[in-house]
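Residue numbers (my numbering): 3 to 269.
We put the CB at the ideal spot given by N, CA and C, even for glycine.
Just so we're clear, the structure is a prediction, and the values are computed from it rather than from any experiment.
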């Protein structure tokens, strides 16, 4: 009998992030996987004062993080949380340390990054499988475009301050000449940006914010509203990661659970 797979999850800030434990365990177990989620937070054990020397603006290479800020209110993680940005080089070291801890101390079988941020090539690695949702997202686009006789109209919700960089990232992908990319920068609200994609008539939309809609104070209707405004499938990294991971976990998917009762008995 196959053993339970220990899935290590790396978050880019402070803990707890129980929504990631709940989501990944439940989606995978609901599809028949035998999995246990073990989580590490890259800034676990570091206070805000220790992080402040590494805080940067969006114009500097960075990694966004939800961190504990005494007295903060209004964050979708709850009071006492804020979303801030820290220098990418500093963050990368902490991401790698979290991966190492998961493998060497927690004995995980594979590691999932709970983010879809861009990391320099070769800057992080694992001794086992390292699942990066950003690359999974782009592989979905590539497969959508593959073999089509026409350019598929793809929408992307992006941070307004990173729109130019994000466009260059898309443009360097080998499939770029087989899609028609419509970018909608989030300036006022994500819903307004989604409505613009709806007006542009995209066929599929992508949003690289990992875990959108899962935080404790995210409105339950947040993602459905975005999807309704776009009028097309909204592809999110936590969904793509969950479904991709199912193919890697034991036991294998019970295909007959998705066929009529008694199917194949007379074959």
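Sequence-distant residues of the same chain with beta carbon closer than 7 Å to residue 30, five excluded per side
Taking the first residue of the chain shown as 1, we reach residue 30 at position 28. 37, 244, 247, 248, 251.
Would you kindly work out how many angstroms separate the C-alpha atoms of residue 24 and residue 217, rounded to a whole number?
Taking the chain shown and counting its residues from 1, one reaches residue 24 at position 22. Taking the chain shown and counting its residues from 1, one reaches residue 217 at position 215. For residue 24 and residue 217, the distance between alpha carbons rounds to 11 Å.
In whole angstroms, give me the CA-to-CA distance for residue 265 and residue 256.
Residue mapping note: residue 265 aligns to position 263 of the chain shown, counting from 1. Residue mapping note: residue 256 aligns to position 254 of the chain shown, counting from 1. Taking the straight line from one Cα to the other gives about 13 Å.
Under a three-way DSSP split, which group does residue 217 fall into?
Counted from its first residue, the chain shown places residue 217 at position 215. In this structure, residue 217 counts as coil in the three-state DSSP scheme.
So, with DSSP's three-state summary, where would you put residue 83?
As a position in the chain shown, residue 83 is number 81, starting the count at 1. Strand at residue 83.
Mind checking which residues open and close the beta strand (DSSP E) that includes residue 131?
Sequence index remark: in the chain shown, residue 131 carries index 129 (1-based). From DSSP, the beta strand (DSSP E) with residue 131 extends over 131-133.
Around the C-beta of residue 26, are 16 or more other C-beta atoms found within 10 angstroms, so that it is buried, or is it exposed?
Counting from one through the chain shown, the residue named residue 26 turns up at place 24. Burial call: buried.
Cutoff 8 Å; reference residue 108; Cβ partners in own chain excluding five residues on either side:
Numbered from its first residue, the chain shown carries residue 108 at position 106. Counting only Cβ-Cβ distances below 8 Å, and skipping sequence neighbours, we find 8, 10, 40, 42.
Taking residue 171 as part of the alpha helix (DSSP H), name the residues at either end of that continuous run.
Residue numbering aside, residue 171 sits at position 169 when the chain shown is read from its first letter. Run containing residue 171: 165-173, per the alpha helix (DSSP H) assignment.
Residue 86 and residue 57 look like a contact to me (Cβ under 8 Å); what is the Cβ gap, rounded to whole Å?
Numbered from its first residue, the chain shown carries residue 86 at position 84. Numbered from its first residue, the chain shown carries residue 57 at position 55. Going by Cβ atoms, the distance from residue 86 to residue 57 rounds to 6 Å, so yes, they are a contact pair.
Exposed or buried, residue 268, counting other C-beta atoms within 10 Å across all chains shown (16 or more means buried)?
Your numbering for residue 268 matches position 266 in the chain shown. With fewer than 16 Cβ atoms within 10 Å of its Cβ, residue 268 is classed as exposed.
Rounded to the nearest angstrom, what separates residue 118 and residue 228 at their Cα positions?
Reading the chain shown from its first residue, position 116 is the one you call residue 118. Reading the chain shown from its first residue, position 226 is the one you call residue 228. Approximately 19 Å between the Cα atoms of the pair.
Between the alpha carbons of residue 153 and residue 161, how many angstroms are there, rounded?
The residue given as residue 153 occupies position 151 in the chain shown. The residue given as residue 161 occupies position 159 in the chain shown. Residue 153 and residue 161: Cα-Cα distance of roughly 24 Å.
Look at residue 242 and residue 138 and say whether their C-beta atoms are less than 8 Å apart.
Taking the chain shown and counting its residues from 1, the one referred to as residue 242 is at position 240. Taking the chain shown and counting its residues from 1, the one referred to as residue 138 is at position 136. Taking 8 Å as the Cβ cut-off, residue 242 and residue 138 qualify as a contacting pair.
Enumerate in chain order the residues of its own chain whose CB-to-CB distance from residue 169 is below 7 Å, with the five nearest sequence positions on each side excluded.
Within the chain shown, the letter at position 167 stands for residue 169. Closer than 7 Å at Cβ, skipping near neighbours: 185.
Whole-angstrom distance between residue 140 and residue 159, CA atom to CA atom
Here residue 159 refers to the residue found at position 157 of the chain shown. Here residue 140 refers to the residue found at position 138 of the chain shown. If I take the Cα positions, the gap works out to 14 Å.
Is any heavy atom of the ligand NAP found at a distance shorter than 7 Å from the C-beta of residue 191?
Questions concerning the ligand NAP fall outside what the structure shown contains, since it holds no ligand whatsoever.
Residue 215 and residue 225 - do their beta-carbons sit closer together than 8 Å?
As a first step, residue 225 is located in the chain shown; it is residue number 223 there, counting from the start. As a first step, residue 215 is located in the chain shown; it is residue number 213 there, counting from the start. Yes, Cβ-Cβ distance for residue 225 and residue 215 is below 8 Å.
Report the three-state DSSP secondary structure of residue 41 (helix, strand or coil).
As a position in the chain shown, residue 41 is number 39, starting the count at 1. It is a strand residue.
May I have the straight-line CA-CA distance separating residue 51 from residue 202, to the nearest angstrom?
Here residue 51 corresponds to residue number 49 of the chain shown, with the count starting at 1. Here residue 202 corresponds to residue number 200 of the chain shown, with the count starting at 1. For residue 51 and residue 202, the distance between alpha carbons rounds to 45 Å.
Per-residue DSSP class, three states only, for residue 186:
Within the chain shown, residue 186 is the residue found at index 184, counting from 1. Three-state DSSP puts residue 186 in a strand.
Give the DSSP-derived three-state secondary structure of residue 161 in the structure shown.
Residue 161 sits at position 159 when you count from the first residue of the chain shown. Reduced to three states, the DSSP call for residue 161 is strand.
Tell me whether residue 89 sits in a helix, a strand or coil according to DSSP, three-state version.
For the purposes of this step, residue 89 is identified with residue 87 of the chain shown, where counting begins at 1. DSSP places residue 89 in strand when its eight states are reduced to three.
Reference residue 97, options 180, 15, 235, closest by Cα:
Numbered from its first residue, the chain shown carries residue 97 at position 95. If we check each option's Cα against that of residue 97, 15 comes out closest.
Inter-residue spacing [alpha-carbon to alpha-carbon] between residue 221 and residue 134:
The residue you call residue 221 lines up with position 219 of the chain shown. The residue you call residue 134 lines up with position 132 of the chain shown. Taking the straight line joining both Cα atoms gives about 26 Å.
By the DSSP assignment, the beta strand (DSSP E) with residue 148 in it spans what residues?
In the chain shown, counting from the first residue as 1, residue 148 sits at position 146. Element bounds for residue 148: n/a, residue is neither H nor E.
Local conformation of residue 206 per DSSP, three classes
Translated into the one-based positions of the chain shown, residue 206 becomes position 204. If DSSP states are grouped into helix, strand and coil, residue 206 belongs with the strands.
DSSP three-state assignment for residue 195, whether helix, strand or coil
Taking the chain shown and counting its residues from 1, one reaches residue 195 at position 193. Correct three-state label for residue 195: helix.
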